[in-house]
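Asks:
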Amino acid sequence: MSRLPSVEITVYPYECDAYGHLNQAAYLTVFERARWEALALGPGSDFFKKLGIWPAVRRASIEYHKPAFPGDRLAVDLRLEKLGRTSIALSQRAVRVADGTLLAEVQLTFVMIDAAGRPVAVPEEVAAVFGGRMSSRPGEMLRYDVGDVALAADVRGDGPALLLVHGFPLDRTIWAHQVATLAGWRRIAPDLRGMGASDAPADGYTMATYADDLVRLLDRLGVERAVVAGLSMGGYVLFEMLRRHRDRIAGVVLVDTRADADSTEGRAGRDRMIEVAQREGARAVAERMLPRVLGRSTQQTQPVVVEQVREMMARTPVAGMVGALQAMRDRADATPLLSSIDVPTLVVVGQEDELTPPEAAKALTRGLPSAAMTVISGAGHLAPLEAPTAVSRVMAEFLEHVRDAVA
Ligand code: MLT
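Start counting the sequence shown at 1193; every next residue gets the next number (our numbering).
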C-alpha cells in the first residue's frame, strides 16, 4: 500500500465534455492532479526534482464504472502495484465522496528517467514513498548518476550488500559468476569510471575519485555498509575506500592484489604504457597485457576466456585507460594501513598469478591482523573469471561466516 495520503478532488465544469461528464482525457488530468496533491501533502511536490529524476508515464489505461459530473467531489487513493528496476506500476481509484460509488480506476506505468531521458534505477526514496521495498532482480545493467559521471552496474539479489570492484583495464563482467551465484547477498558489480559502460571523462582519475564514486553508488542504492571485494586495481580502490570511508566497509576480500605502491621501475612502466595507449590505442595495451594477466592453464585450455578478456581490454576507452594508469602510478602505499583493518578479511590468489603471485599474497596476509588466504589452482591474475566456481565457493563460505557481523 502506498504511504501517500488519499486526496479529495473537485470536478470542474471546464473539465467535462459536451455530454457534461468526465471523459478519458479529463480523467487522466484529474488522476494526475490527485497524484501531485498527494505528493505535495506527503514528501513535497519537488520530491522527484530533488532526486534528479522524472517519472515519465509510459502506459495508462482507464476503466470507467460510472459517470462523474461537475461539482462532484472525488476521493482518489493510490496503490503501488509493482516495483520494477526502472519502473513502477501504480493504480488510482476515484470514489464519489457523496455516495461512495466507485467511478473509475486507472493503471499507470512510470519509467524513471534522468535529465538526458535515460532510464535510471528507481531510487530507494521513491520505493519507500510508494510503500515498496527494492528487490533487485536479475536484469539489465543500469547506469547510476554519482555526481560528475554515470556508472554502469549490475545489481542483483537481496540481502546484505557485496560490492565487487574489477581491475585494470577490465569491467564488471569479470565478476559475472559471483553476481549470478552468491545468493542471499545483494551483489553490486559496477564499472569504474573510464572502463566498461561507465562514463569516461578526459581527466579526474585518482584512487580517491574511484573510491568516492563507489561510495556515492552505495548511497544511490541505499546501502549503508557493504562487504567489498577488489581484484587487483580494485584492491587498490578498496584500500582507498578504507582510508576515506572506513565506516562503509563491513568486510574485505582482496583478490589477486597487493598493498605496496609502485616501485620506481613500476612507475616508469606505467608511463611507457600510457604512451602505448595514447599512440597505438587500447588494443595495443590489451595485446601487451594479455599474456601476463591470464594463467598458463587458462591460455592453454580456455580460448573463450582469452578472447573475452582481449575484447574487454580492447574496448576500454583510452581516456579511462590513461587515467587508471596514472592513478595506479601515483597511488599511496597501503602497507601501513593493513594492521588497522579490523573487519573480516579474506585473501584470494590464483596459483599461476604472475603479477601478484601467491608469495605476494602471503606477505599481504601476514600484514593483516586476521585474514584467511586461499590459493586457487589453475588460475592466474583474473581468478574470479578463470576459475569462477572455485572463487565463488570460497567467497560464499567467507560470506556465510561474516553474514551476522554484516547484517
Ligand atoms: C589489474 O589487474 O588491475 C592491474 O594489473 C593492476 C596493476 O597493474 O597494478
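Glycine included, C-beta positions come from ideal geometry on N, C-alpha and C.
#1: From the beta carbon of residue 1196, is the nearest beta carbon of chain C less than 8 Å away?
#2: Would residue 1257 be called buried (16 or more neighbouring beta carbons within 10 Å of its own) or exposed?
#3: With a threshold of 7 Å (Cβ to nearest heavy atom), would residue 1387 be considered close to the ligand MLT?
#4: Provide the residue(s) that pair with residue 1336 in DSSP beta bridges, ordered along the chain.
#5: So what does DSSP say about residue 1491, is it helix, strand or coil?
#6: Do residue 1485 and the ligand MLT come close, with the Cβ less than 7 Å from some heavy atom?
#7: Whose C-beta lies closer than 6 Å to the C-beta of residue 1579 among residues of the same chain, with five residues either side of it excluded?
#8: Any heavy atom of the ligand MLT closer than 7 Å to the CB of residue 1359?
#9: Is residue 1304 near the ligand MLT, with its Cβ less than 7 Å from a heavy atom?
#10: Taking only three categories from DSSP, how would you classify residue 1463?
#11: Is the beta carbon of residue 1390 within less than 7 Å of some heavy atom of the ligand MLT?
#12: Check whether the stretch 1357 to 1370 and the stretch 1393 to 1401 touch, using three or more Cβ-Cβ pairs below 8 Å as the test.
#13: How would you label residue 1228, buried or exposed, when you count the other beta carbons within 10 angstroms and need 16 or more for buried?
#14: Does the stretch 1337 to 1349 touch the stretch 1281 to 1301, meaning 3 or more C-beta pairs lie closer than 8 Å?
#15: Name the DSSP beta bridge partners of residue 1192, please?
#16: First and last residue of the alpha helix (DSSP H) that includes residue 1316?
#17: Taking just the CA atoms, how far does residue 1430 sit from residue 1414?
#18: Name, in chain order, the residues that DSSP records as bridge partners for residue 1274.
#19: The alpha helix (DSSP H) that contains residue 1299, what's its start and end?
#20: In chain order, what residues of the same chain lie with their CB nearer than 6 Å to the CB of residue 1515, ignoring the 5 residues before and after it?
#21: Could you name the residues of the same chain whose beta carbon sits closer than 6 Å to that of residue 1371, not counting the 5 residues immediately before and after it, in chain order?
#22: Skipping 5 residues on each side, what residues in its chain have a beta carbon closer than 8 Å to that of residue 1498?
#23: With 16 other CB atoms within 10 Å as the buried threshold, where does residue 1221 fall?
#24: Grouping DSSP H, G and I as helix and E and B as strand, with all else coil, what is residue 1584?
#25: When burial is assigned at 16 or more other CB atoms within 10 Å of the CB, is residue 1424 buried or exposed?
#26: Report the three-state DSSP secondary structure of residue 1289 (helix, strand or coil).
#27: Which residues in the same chain have their Cβ closer than 8 Å to the Cβ of residue 1559, if we skip the five residues on either side of it in sequence?
#28: Buried or exposed: residue 1432, going by 16 or more other Cβ atoms within 10 Å of its Cβ?
#29: Return helix, strand or coil for residue 1593, following the three-state DSSP convention.
#30: Please look up how many angstroms separate the CB atoms of residue 1383 and residue 1363, rounded, as I've assumed it's under 8 Å.
#31: Compute the Euclidean distance between the alpha carbons of residue 1248 and residue 1296, then round it to the nearest angstrom.
#32: Within 10 angstroms of the Cβ of residue 1213, are there 16 or more other Cβ atoms? Answer buried if so, exposed if not.
Replies: Reading off the structure:
#1: The structure shown contains no chain C; it is built from a single protein chain.
#2: Within the sequence shown, residue 1257 is the residue found at index 65, counting from 1. Classification of residue 1257: exposed, given that the 10 Å Cβ count is below 16.
#3: Locating residue 1387 in the sequence shown gives position 195, where the first residue counts as 1. Because no heavy atom of the ligand MLT lies under 7 Å away, the Cβ of residue 1387 does not count as near it: no.
#4: Here residue 1336 refers to the residue found at position 144 of the sequence shown. Bridge partners of residue 1336: 1343.
#5: Counted from its first residue, the sequence shown places residue 1491 at position 299. Of the three classes helix, strand and coil, the one that applies to residue 1491 here is helix, per DSSP.
#6: Stepping through the sequence shown from its first residue, residue 1485 is reached at position 293. Yes, the beta carbon of residue 1485 sits closer than 7 Å to at least one heavy atom of the ligand MLT.
#7: One-based indexing of the sequence shown puts residue 1579 at position 387. Excluding residues within five positions, the ones whose Cβ falls inside 6 Å are 1568, 1570, 1571.
#8: Reading the sequence shown from its first residue, position 167 is the one you call residue 1359. Yes, the Cβ of residue 1359 comes within 7 Å of a heavy atom of the ligand MLT.
#9: By 1-based counting over the sequence shown, the position of residue 1304 is 112. Not so, every heavy atom of the ligand MLT lies at least 7 Å from the Cβ.
#10: Counting from 1 along the sequence shown, the entry for residue 1463 is found at position 271. Reduced to three states, the DSSP call for residue 1463 is helix.
#11: Here residue 1390 is taken as the residue at index 198 of the sequence shown, counted from 1. Because no heavy atom of the ligand MLT lies under 7 Å away, the Cβ of residue 1390 does not count as near it: no.
#12: With fewer than three CB-CB distances shorter than 8 Å, the stretch 1357 to 1370 does not count as touching the stretch 1393 to 1401.
#13: Counted from its first residue, the sequence shown places residue 1228 at position 36. That one is exposed.
#14: no
#15: Outside the displayed span of the chain (1193 to 1599) sits residue 1192, for which this structure offers no information.
#16: The residue you call residue 1316 lines up with position 124 of the sequence shown. Residues 1316 to 1321.
#17: Position 222 of the sequence shown, counted from the start, is the residue given in the question as residue 1414. Position 238 of the sequence shown, counted from the start, is the residue given in the question as residue 1430. C-alpha separation (whole angstroms): 19 Å.
#18: One-based indexing of the sequence shown puts residue 1274 at position 82. For residue 1274, which the question treats as bridged, DSSP gives the partners 1281.
#19: Numbered from 1 along the sequence shown, position 107 holds the residue referred to as residue 1299. Element bounds for residue 1299: not the alpha helix (DSSP H) but the beta strand (DSSP E), 1294 to 1305.
#20: The count along the sequence shown starts at 1 and reaches residue 1515 at position 323. Cβ neighbours of residue 1515 beyond the five flanking positions: 1386, 1397.
#21: Against the sequence shown, residue 1371 aligns to sequence position 179. Around residue 1371: 1346, 1348, 1379, 1381.
#22: To locate residue 1498, count along the sequence shown from 1; it is residue 306. Taken in chain order, the residues that qualify are 1482, 1486, 1490, 1491.
#23: By 1-based counting over the sequence shown, the position of residue 1221 is 29. Result: exposed.
#24: Residue 1584 sits at position 392 when you count from the first residue of the sequence shown. Note: residue 1584 maps to helix in three-state DSSP.
#25: Locating residue 1424 in the sequence shown gives position 232, counting from the first residue. Label assigned to residue 1424: buried.
#26: Residue numbering aside, residue 1289 sits at position 97 when the sequence shown is read from its first letter. In this structure, residue 1289 counts as coil in the three-state DSSP scheme.
#27: Position 367 of the sequence shown, counted from the start, is the residue given in the question as residue 1559. Closer than 8 Å at the Cβ level, and outside the excluded window around residue 1559, lie 1451, 1527, 1530, 1531.
#28: As a first step, residue 1432 is located in the sequence shown; it is residue number 240 there, counting from the start. When all chains shown are included, residue 1432 counts as buried.
#29: Reading the sequence shown from its first residue, position 401 is the one you call residue 1593. Here residue 1593 sits in helix by DSSP.
#30: What you label residue 1383 is simply residue 191 of the sequence shown in a count that begins at 1. What you label residue 1363 is simply residue 171 of the sequence shown in a count that begins at 1. 5 Å between Cβ atoms; contact.
#31: To locate residue 1248, count along the sequence shown from 1; it is residue 56. To locate residue 1296, count along the sequence shown from 1; it is residue 104. Distance between the alpha carbons of residue 1248 and residue 1296: 22 Å.
#32: Counted from its first residue, the sequence shown places residue 1213 at position 21. The residue is buried, with at least 16 neighbouring Cβ atoms inside 10 Å.
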